[in-house]
Structures are given as structure tokens and as C-alpha cells.
Amino acid sequence: MEALRNAFDFSDFPKKDLVVAACLAAVLLIFPLFPHSSFAMATMIQFLMFSIYGMGWNAIGGYGGQVDLGKAQYVGIGAYTTAVMLLRWDVPFWLSMPIGMAIAVGWSFVIGYPLFKLKGHYFAIATIATSLVLKDLFEVWDLVGAARGLHISPAKYPPPDFLRLIFREDIYYYYVILGFFFLAILVINWFRHSRLGFQLRAIRDNEDLARSLGINVHWAKIKTYALATAFVSAVGSFHAVYIKNIEPEDTMSLDISVLIALMAMLGGAGSLWGPIIGASILIPLKSYLKEWLGAKAGLIGIDLVIYGVIIMLVSALEPRGIWGIVERARRRSR
Amino acid sequence: MATDVLVSSLVAGLMIGMVLSLVALGLTIIFGVMDIVNFAHGEFLMVGMYTGLLVAQGTGMEPLMTLPIAAVVGFVLGVMCYFFFVKFLLRGPMVAQLLGTFGLMLFLRNLALLFFGSEDRAIHHGLLVGKSLSIGMGVMIPATKLAAAALSVASFGCVWLFINRSKTGKALQATALNAQGARYVGIPTDRMNGLAWGIGGATVTIAGALLVNFWAVNPYVGLLFTMLAFTIVALGGFGSVPGAFVAGLVVGIITELPGLWDFVSISLDLRWMSKVPMTSFKYTWVYLAYFVIMLVSPRGLFGWKR
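Residue numbers (the numbering used here), protein chains in the order written: chain A, 1 to 334; chain B, 335 to 640.
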């Protein structure tokens, strides 16, 4: 009961923030009613997906200060579990998603236990290494389609299929992921108020002090890592039924891991709104840059050049992200 | 007999290992001096490969003669990266440092994609191309690889001498040991940091100009070498120069594990072993090795930093 109360307790934010957030939530709810292009719709779905990935990363990376650059492996585990189960045994999405989450969380315990003995750079590189090992494995494993990947053909399941989540129109996917999005905000809000959340922030600020206060540092990190993993894996499952083409390169490459970390970092790591702000800027920027400069002007790669420059500028000039700028401006006006 | 498989994969592993230790040298120097992990290291290598390729093809020059040009390009690139970018990262938290050099990596990689396109390119001319040396037992060594290995060791030795014998090198070491103390005794640590990036850039672009003689280059070539370099630096110990050399040889042999696997399966005549797709896992072992090394001995073989 208390957990539920915590999840809905936003009272520690200023009133102004909450009003803005509620307005934006309303806009998200009614967005599909306005005329929009299918490209805008796809971008919105990507934005919601990456916000949830970012929120997951933020739990361990932002609140806990553990730079994880291997989140893509859990996108892969979620996506592949759902796709393989649907194609082989016709398991509906709502069953395969929790199974995928269970597998991902199990795997996160297996590698999290040794990983969290490392710190800082060593930890970050080790997460990349595990992610790449898994990707190499999926590229030769026949059950998951090896390097060809898996393809879910919507013709086999007459859409709209609410059990397997196979739709022809994007609007259905939009509302499903929007539901996930609101749920994710509530879970993170619960996490912020929970004992674990406080322990983790203590660890980020001073690990030795946290240990001396009797916090089991290693175990707290592993638990939060598992929570973050569950987020990422659930959206990975959604990725499988939404994109319908699952290849190791698209779901598990290092670029995805870094993009996830970047959402949170650009918006402001360690704040509830950070990953959402980051995704709302980066995802539209990425897809529109690619559309305008990459596809139309024939300048392949220029979108990622600009992207790289943005990352460099943010990390050099304002490492606390956009939320950091907002907070500083507020403090000055007070 | 199967011995030729064994000998040729061991020799190939050692030779590529010598080049890889030169690749890792820059990373370990940069890490040692200022505790920053450079994710764009493989992209520096790519810059070196493109420099070697374009100069050799553009001027018709002997590919091995492009090394000094590549070194200058790498030095300038490294120094510029430090003074215009990395310097500002050092003030921020670790997340910003990691993602910042990652941004540099994306920037360089996609700039190459924009200018050169995504296709593989390789050098097909030069004195050594197509020649090879027989060392008996039916084992042939391509002359390009042999030259690359020898010149890598020579460059590595020069840098080692510079660091250990020259006054500037000593100052660099002092900065690595204790930056604050070095500043008190009058060493310009900011310039030493820049120098570390310059040396790091120059060594890795030399390695790139050597590699391009037998390794096709495309804009995505960097990540593999970044990970190989991380593994070498982890095994040798972060910040250790001799460690990078020894670990480079070890990792070179790890990348030739498929050949050793074939040797075992042929000599013991085990059918199931030959069915395992070992070549697909060629670099997986390297990533696994990183993971295991970090867990068993985070300091590596010769490490002194924690």
C-alpha cells in the first residue's frame, strides 16, 4: 500500500513543474487526434520508447552513478524472447513480455554480481564487453535466426490482434507504449521514494560513507540494475512486435546502449524528468536530421556528425544536462 | 601434418599482436597521464589508415613511406582534441568524460562516412605487396605483415626510449604519478596532457598506416580496435607501457584462437570440434578475456593505477 502511495506522490516537485507535466501528458494523450504524418507518429513512438529506456538507465546510471553502456543487450533479450516465442509457439505478447523480463533480470543477476565488483571506467567497459559477447552469440545462434535475424509477418495474424499486439495502424502501438510510459514514470517515482532509491543516491554521493552506514552497497546496486533491466527488456519486447524485423545489429549494437545513456545524460541524469527531456530533444532531432540531410540531400552520416558534436558540447560545457541548466536558472532567480 | 597450422597461427598471432601493442600504447599513455578512457581511440586508428591509404594512392608513394605523414596527422589531431575538447571534459564527472569521448568517436566515424563512403578500401600497390617469406614447414609469412610487425616494434621502442630517457618523458611520467605534485615542481601539466594526447594520436595513426597495407579500411573499423586496445590495456595494467607490449602479444594470440582450435581438432581428430563455428567468435574471446581479466586481477600484469 505504501509503495502505491509513494508511486503517486509527486508532492516534492514545485507546483509549476507539475502543471507543465500534466499539460504535456494531456498533449500526449490527445496527440493522435490531430492531423499528423505517419513519420511524426513513428517519431513519437520512438520518443516514448527511448524515454522508457532512458528512465531505466537513469535508475542505475543517474541515481546510482554507475555508467552502464551495455543496456542494448537487454533490449535484445526482450525483443528476441518475444519474437522467438511468437514465431515458434505462438505465445501472445502479454505472456512473452514478462517471460522476457524474467530472463533479462536473471541474466542481469548473473553478470551483475561480478560486474559490480568493478568501478568507474572499468565497470563501463566491462558492460560493453558483455553486451558485445551476447551480440556475437546471437549472430551465430540458429534458433534466433543468426545474423539474418527474425521477421514477424503481420499477414499471418489478422490485425488488429490485441493479444499478440500486431496492428496495421501505428495509433494502437502509440497508446500501448504511452500506457507503458505513464507506468514507467510511476515506477520510477516509487523508486525515488523507496529505501533502495535513497540507498543508491547515498552510494553515488559517497560510496565508502554509504558502506559505513550499513548499506549493502553491492546488493543495492545489483537490485537497481535488475530494475533498470526490467524496464529495458519490456520495451525491447515492444520493439519486436512494433518493428517486426529483429536483427542483432539493430537491437544490440553499442550505438543503442550509448543512445540510451545519452537520453538521460542530455536531459539531466538523476532527475525524474531528465530522460524524458533528453529523448524529446534527441529523438526528433535524430530522425528529422536523418530524413532531411541524410535521405533528401544525400549526405549519409551527417546526422550522426551533428549528433556527435552535440554530445561533445553537452559533456564539455554542461555535464549536468538541460535539467541542470533549469535548476541553476531557478536558483539564480530566487 | 597439423604443425603448420599451429606454427602459422602462432606466428600470425604474434605479428598482429605487435601491431596491436602499438595501437594500445597510446591508450595506456593517455589513461596513465590523466585517467581518461578514450573511446575514440579506434577512430584515430581509422584516421591513420585513411591517411596512409589516401597519401599512398594519391601520390603513388610507397605505402611504408607514408608513416611520417600519418604520425604528424595523428599528433596534430591528438593535440587539437586535447586543447579544444578533452581539457573541458576533465572538469566534469566521469559520465561526461565517457560519453564525451564517445561523441568524439561518433563525430570522427561519421565524418569519414560522409567523405569516403562506407565501402571497404585497401592498398594494392607497393614494394611488399604479394611477396612472402617462407620459414619452413610450409609456413608462409606475408611481407606486409612482417614489415608492419617490425616497424611497430621499432616505433614502440622509440616511444619507450623517449618516455624513459628524455627529460620531457620524465616530466610526463611525473605528471602521471602525481599531477598536483608535478605542478608544484614546475612541470606544465596542461602541456604534458596535450603531449600525451599527441603521442597517443601519433602512435595509433602509425599503427593505422601500417595496418592498412593488409587490412581493408572502412569507417566502421574503429570499434573493434578500440575494444582490442581496451583489453590489452586491461591485461597489461592501465597506464603501464611495458604491460601494453606483453599484453598486445597475448591478445594477438587470442585473436588467432580459431587456428589453434583447428590444430587441436586436426591433431586429435575430433569431429565435433571442427563443426564449431570458431571464426565467427574470433573477437568474442577478446571481449570475454577483458571481462575475466578485470574480475581476476583488476590491476593487470604490470598495473600500478587503480
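Positions of the beta carbon are idealized from the N, C-alpha and C atoms, including for glycine.
Query raised in the report: Among residues of its own chain, excluding the 5 on either side of Ala-477 of chain B, which ones have a beta-carbon nearer than 7 angstroms to its beta-carbon?
Result: The count along the second sequence starts at 1 and reaches residue 477 of chain B at position 143. Within the same chain, Ala-477 of chain B has close Cβ partners Leu-462, Lys-465, Ser-466 and Leu-467.
Requested in this report: With 7 angstroms as the limit, tell me which residues of the stretch 230–255 of chain A have their beta carbon closer than that to any beta carbon of chain B; keep them in chain order.
Outcome: Of all residues in the stretch 230–255 of chain A, only Leu-254 come within less than 7 angstroms of chain B when Cβ atoms are compared, listed by chain position.
Query raised in the report: In chain A, what lies closer than 7 angstroms to Pro-427 of chain B by C-beta?
Result: Your numbering for residue 427 of chain B matches position 93 in the second sequence. Here the neighbours are Pro-319.
Query raised in the report: Using a beta-carbon distance cut-off of less than 7 angstroms, what residues from the stretch 515–532 of chain B approach chain A?
Result: Cβ proximity to chain A below 7 angstroms picks out nothing from the stretch 515–532 of chain B.
Requested in this report: Kindly indicate which three-state DSSP category His-193 of chain A falls into: helix, strand or coil?
Outcome: One-based indexing of the first sequence puts residue 193 of chain A at position 193. Reduced to three states, the DSSP call for His-193 of chain A is helix.
Query raised in the report: Around the C-beta of Ser-257 of chain A, are 16 or more other C-beta atoms found within 10 angstroms, so that it is buried, or is it exposed?
Result: In the first sequence, the residue the question calls residue 257 of chain A occupies position 257. The residue is buried, with at least 16 neighbouring Cβ atoms inside 10 Å.
Query raised in the report: How about Val-626 of chain B and Ala-482 of chain B: are their beta carbons less than 8 angstroms apart?
Result: One-based indexing of the second sequence puts residue 626 of chain B at position 292. One-based indexing of the second sequence puts residue 482 of chain B at position 148. No, these two residues do not count as a Cβ contact at 8 angstroms.
Query raised in the report: Taking Cβ positions only, does Leu-680 of chain B come closer than 8 angstroms to chain A?
Result: Because chain B is modelled from 335 through 640, residue 680 of chain B falls outside the range shown and cannot be assessed.
**Report entry** contact_flag[the stretch 98–109 of chain A, the stretch 286–295 of chain A] where n(CB pairs < 8 angstroms) is 3 or more
**Finding:** Too few Cβ pairs lie closer than 8 angstroms, so no.
Query - CB contact below 8 angstroms: Asn-444 of chain B versus chain A - result: As a first step, residue 444 of chain B must be located in the second sequence, where it is residue number 110. At a cut-off of 8 angstroms between beta-carbon atoms, Asn-444 of chain B makes contact with chain A.
Requested in this report: Measure the Cβ-Cβ separation of Val-341 of chain B and Val-473 of chain B and say whether it is below 8 angstroms.
Outcome: Along the second sequence, one-based indexing puts residue 341 of chain B at 7. Along the second sequence, one-based indexing puts residue 473 of chain B at 139. Yes, the Cβ-Cβ distance between Val-341 of chain B and Val-473 of chain B is below 8 angstroms.
Query - contact_flag[the stretch 69–88 of chain A, the stretch 522–536 of chain B] where n(CB pairs < 8 angstroms) is 3 or more - result: Output reads no: the stretch 522–536 of chain B does not touch the stretch 69–88 of chain A.
Report task. Kindly indicate which residue of B:Leu-388, B:Met-439 and B:Ala-390 has the alpha-carbon position closest to the one of Gly-412 of chain B. Result -> Counting from 1 along the second sequence, the entry for residue 412 of chain B is found at position 78. Among B:Leu-388, B:Met-439 and B:Ala-390, the Cα nearest to that of Gly-412 of chain B belongs to B:Met-439.
Query raised in the report: What does Ile-177 of chain A touch in chain B if you count any residue whose Cβ is under 8 angstroms from its own?
Result: The count along the first sequence starts at 1 and reaches residue 177 of chain A at position 177. Those within 8 angstroms of Ile-177 of chain A in chain B number zero; the least Cβ separation is about 26 angstroms.
Query raised in the report: For the stretch 621–639 of chain B, which residues have a beta carbon sitting closer than 8 angstroms to at least one beta carbon of chain A?
Result: Within the stretch 621–639 of chain B, those residues whose Cβ lies closer than 8 angstroms to any Cβ of chain A are, in chain order, Tyr-621, Leu-622, Tyr-624, Phe-625, Met-628, Leu-629 and Pro-632.
Query raised in the report: Leaving out the 5 sequence neighbours to the left and right, which residues in its chain are closer than 7 angstroms to Ile-222 of chain A when beta-carbon positions are compared?
Result: Taking the first sequence and counting its residues from 1, the one referred to as residue 222 of chain A is at position 222. Its chain contains Phe-109, Gly-112, Tyr-113 and Phe-116 as the residues whose beta carbon lies nearer than 7 angstroms to that of Ile-222 of chain A, once the 5 sequence neighbours on both sides are disregarded; these appear in chain order.
**Report entry** Chain-ordered neighbours of Val-381 of chain B on chain A, where CB pairs are closer than 9 angstroms
**Finding:** As a first step, residue 381 of chain B is located in the second sequence; it is residue number 47 there, counting from the start. What Val-381 of chain B touches in chain A, judged by beta-carbon distance under 9 angstroms, is nothing: the nearest beta carbon there is about 14 angstroms away.
Query raised in the report: CB-CB under 6 angstroms to Gly-149 of chain A, same chain, minus the five flanking residues each way: which ones, in chain order?
Result: If you number the first sequence from 1, residue 149 of chain A lands on position 149. For Gly-149 of chain A, where only same-chain residues beyond five positions count, the Cβ hits under 6 angstroms are Ile-246 and Glu-247.
Requested in this report: Could you say if the stretch 124–141 of chain A and the stretch 62–75 of chain A meet the contact criterion of at least three C-beta pairs nearer than 8 angstroms?
Outcome: In the pairwise beta carbon analysis, the stretch 124–141 of chain A is classified as touching the stretch 62–75 of chain A: at least three pairs are separated by under 8 angstroms.
Query raised in the report: Which residues in the same chain as Phe-180 of chain A place their Cβ atom closer than 8 angstroms to its Cβ, once the five residues preceding and following it in sequence are excluded?
Result: Position 180 of the first sequence holds residue 180 of chain A. Here the set comprises Leu-48, Ile-52, Ala-234, Val-235 and Phe-238.
Report task. Would you decide whether Phe-138 of chain A is buried or exposed? Buried here means 16 or more other CB atoms lie within 10 Å of its CB. Result -> As a first step, residue 138 of chain A is located in the first sequence; it is residue number 138 there, counting from the start. Per the 10 Å Cβ criterion, buried.
**Report entry** Cutoff 8 angstroms: Ala-124 of chain A Cβ touching any chain B Cβ
**Finding:** Position 124 of the first sequence, counted from the start, is the residue given in the question as residue 124 of chain A. Ala-124 of chain A counts as touching chain B.
Requested in this report: Determine the closest residue to Ala-456 of chain B out of B:Ser-574, B:Ala-550, B:Met-395 and B:Gly-542, with distance taken between C-alpha atoms.
Outcome: Working through the second sequence from its first residue, we reach residue 456 of chain B at position 122. Residue B:Ala-550 is the option with its Cα nearest to Ala-456 of chain B.
**Report entry** Distance CB(Leu-134 of chain A)-CB(Met-55 of chain A) smaller than 8 angstroms
**Finding:** The residue you call residue 134 of chain A lines up with position 134 of the first sequence. The residue you call residue 55 of chain A lines up with position 55 of the first sequence. Result no, Cβ atoms of Leu-134 of chain A and Met-55 of chain A do not sit closer than 8 angstroms.
Requested in this report: At 9 angstroms on the CB atoms, spell out the chain B contacts of His-121 of chain A, in chain order.
Outcome: Counting from 1 along the first sequence, the entry for residue 121 of chain A is found at position 121. Those within 9 angstroms of His-121 of chain A in chain B are Phe-365, Asp-369, Ile-370, Val-371, Met-428, Gln-431, Leu-432 and Phe-572.
**Report entry** Exposure label - His-375 of chain B; buried when at least 16 CB within 10 Å
**Finding:** Within the second sequence, residue 375 of chain B is the residue found at index 41, counting from 1. Answer is buried; the Cβ neighbour count reaches 16.
Requested in this report: Note down the Cα distance separating Leu-183 of chain A from Pro-160 of chain A, rounded to an integer number of angstroms.
Outcome: By 1-based counting over the first sequence, the position of residue 183 of chain A is 183. By 1-based counting over the first sequence, the position of residue 160 of chain A is 160. Going from the Cα of Leu-183 of chain A to the Cα of Pro-160 of chain A covers about 23 angstroms.
Query - Contacting positions in the stretch 298–312 of chain A - beta carbon closer than 7 angstroms to chain B - result: Correct list: Leu-299, Ile-300, Gly-301, Ile-302, Leu-304, Val-305, Tyr-307, Gly-308, Val-309, Ile-311 and Met-312.
Query raised in the report: Would you report the Cα separation of Leu-557 of chain B and Ser-153 of chain A, rounded to the nearest angstrom?
Result: In the second sequence, residue 557 of chain B corresponds to position 223, counting from 1. In the first sequence, residue 153 of chain A corresponds to position 153, counting from 1. Here the alpha carbons of Ser-153 of chain A and Leu-557 of chain B stand approximately 33 angstroms from one another.
**Report entry** Contacts that Thr-618 of chain B makes with chain A (C-beta to C-beta distance below 7 angstroms)
**Finding:** As a first step, residue 618 of chain B must be located in the second sequence, where it is residue number 284. By Cβ distance, chain A contributes Val-133 and Asp-136.
Query raised in the report: With 8 angstroms set as the bound, which would you pick, yes or no: does the beta-carbon of Met-414 of chain B sit closer than that to a beta-carbon of chain A?
Result: Here residue 414 of chain B refers to the residue found at position 80 when the second sequence is read from its first residue. No, no contact with chain A.
Query - Contact list for Leu-557 of chain B against chain A, beta-carbon separation under 8 angstroms - result: Looking up residue 557 of chain B in the second sequence gives position 223. Going along chain A in sequence order, the residues near Leu-557 of chain B (Cβ under 8 angstroms) are Leu-254.
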